[in-house]
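At position 94 of the sequence shown (counting the first as 1) the number is 103 in my numbering, and the numbers step up by one without a gap.
Presented below is the structure to which this report refers.
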Amino acid sequence: MRIDLALVERGLARSRNQASSLVESNRVLVNGKAARKSSQLISAEDKILVLEAVDYVSRAGHKLAKALDVFSEIEVLGKTALDVGASTGGFTDVLLRRGISRVFAIDVGHEQMVEQLFENPKVVCVEGFNARELSPATLSERTGISQSLINIDLVVADLSFISLTLVLAQMLSVAPEAEFVLLVKPQFEVGKQSLSAHGLVNDHNLRAGAIKQVVAEAQELGLGIRGLVRSDLPGTHGNIEYVLWISPKESPNQSKWLDKIESVAKETK
Numbered sequence: 010m011r012i013d014l015a016l017v018e019r020g021l022a023r024s025r026n027q028a029s030s031l032v033e034s035n036r037v038l039v040n041g042k043a044a045r046k047s048s049q050l051i052s053a054e055d056k057i058l059v060l061e062a063v064d065y066v067s068r069a070g071h072k073l074a075k076a077l078d079v080f081s082e083i084e085v086l087g088k089t090a091l092d093v094g095a096s097t098g099g100f101t102d103v104l105l106r107r108g109i110s111r112v113f114a115i116d117v118g119h120e121q122m123v124e125q126l127f128e129n130p131k132v133v134c135v136e137g138f139n140a141r142e143l144s145p146a147t148l149s150e151r152t153g154i155s156q157s158l159i160n161i162d163l164v165v166a167d168l169s170f171i172s173l174t175l176v177l178a179q180m181l182s183v184a185p186e187a188e189f190v191l192l193v194k195p196q197f198e199v200g201k202q203s204l205s206a207h208g209l210v211n212d213h214n215l216r217a218g219a220i221k222q223v224v225a226e227a228q229e230l231g232l233g234i235r236g237l238v239r240s241d242l243p244g245t246h247g248n249i250e251y252v253l254w255i256s257p258k259e260s261p262n263q264s265k266w267l268d269k270i271e272s273v274a275k276e277t278k
């Protein structure tokens, strides 16, 4: 079936004209990849996703937005957040649109955050800040804000070229009572030796293992799982990624989530 017809049939578009407009604006994903044209043929098993009309500053924003929709118990309005690996500001953008009071946005890079976010008075952007050096003292020093005035309710993280297991303790040190929403990227958890020639983690067992090792580290730190979803948008080279919600308010409970981790890791569409 043509993609434009499928959009109408599945209730994702009112008409074929609207369906065509959605495709042309690159808002339609088929199994995680942008539909090329309205006449593209798909099967009944193919997964179609229509991206929100909201134009976040980066595609990463859609990953967090979808996760927060699923993890609806997480409060954002009026809260204070820490965005680790902020980059251009995709996650920060989502938080601002949902009413966050303040965001401490840190990244090891320089001059990456888009100007509109960098200049937003609710955003405290700290460049050249390696997450492995994160602590109450260093965050206070780099922001110029007293430790007693930094009370973080929510931590979001989108990191590349480093395992979350290497920075989770540091994040917890500055936000011991916060909710954590982490983008788990298997390609940076399993090691280069486990990647395909194209940089992909093709084995679902490896993907499950990547999630489990992050969860195991969280468990060692006294954090429990509250939620886990597969990201609708692929990451580097088309890798499947996951969004993990962990919390100090939930007792370590990895065993209860093993089946969920395995089933989510097997999803490819």
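Backbone N, C-alpha and C fix where the C-beta goes; we use that ideal spot for every residue, glycine too.
So, for residue 58: in the same chain, excluding its five sequence neighbours on each side, which residues have a beta-carbon less than 7 Å away from its beta-carbon? 38 and 241
Tell me, please, whether the stretch 139–149 touches the stretch 168–184 by the rule of three or more beta-carbon pairs shorter than 8 Å. yes
Which residues share a DSSP beta bridge with residue 189? 164 and 255
I need the boundaries of the beta strand (DSSP E) containing residue 17, first residue and last residue. Careful: residue 17 lies outside any beta strand (DSSP E), inside the alpha helix (DSSP H) at 12–18.
Boundaries of the beta strand (DSSP E) in which residue 57 is found, first to last residue: 57–59
For residue 216, the nearest candidate out of 206, 277 and 26 (CA to CA): 277
Nearest candidate by alpha-carbon position, reference residue 113, set 99, 95, 125 and 189: It is 95.
Taking only three categories from DSSP, how would you classify residue 127? helix
Would you decide whether residue 79 is buried or exposed? Buried here means 16 or more other CB atoms lie within 10 Å of its CB. So residue 79 ends up on the exposed side.
Endpoints, the beta strand (DSSP E) within which residue 113 is located: 111–116
To which residues of the same chain is residue 280 closer than 6 Å at the C-beta, ignoring the five residues directly before and after it? Nothing can be reported for residue 280, as the shown portion of the chain is limited to 10 through 278.
Alpha carbon to alpha carbon, how far is residue 89 from residue 199? 32 Å
Take residue 92 and list the residues in its own chain whose beta-carbon comes closer than 6 Å to its own, dropping the five residues that flank it on each side. Answer for residue 92: 100, 101, 112, 114 and 165, listed in chain order.
Helix, strand or coil: how does DSSP classify residue 247 here? For residue 247, the secondary structure class from DSSP, reduced to helix, strand or coil, is helix.
What number of angstroms, rounded off, separates the C-alpha of residue 227 from the C-alpha of residue 261? 8 Å
CA-CA distance, residue 269 and residue 50? 32 Å
Spatial neighbours of residue 107 within its chain, please: CB distance less than 6 Å, with the 5 preceding and 5 following residues excluded, ordered by chain position. 85
Cβ shell of residue 44 (< 6 Å), same chain only, five flanking positions each side left out: 12, 32 and 37
Whose C-alpha, out of 192, 158, 209 and 204, is nearest the C-alpha of residue 184? The option with the nearest alpha carbon to residue 184 is 158.
Considering residue 136, what are the terminal residues of the beta strand (DSSP E) in which it resides? 132–136
Rounding to the nearest angstrom, what Cα-Cα distance links residue 237 and residue 257 in this structure? 16 Å
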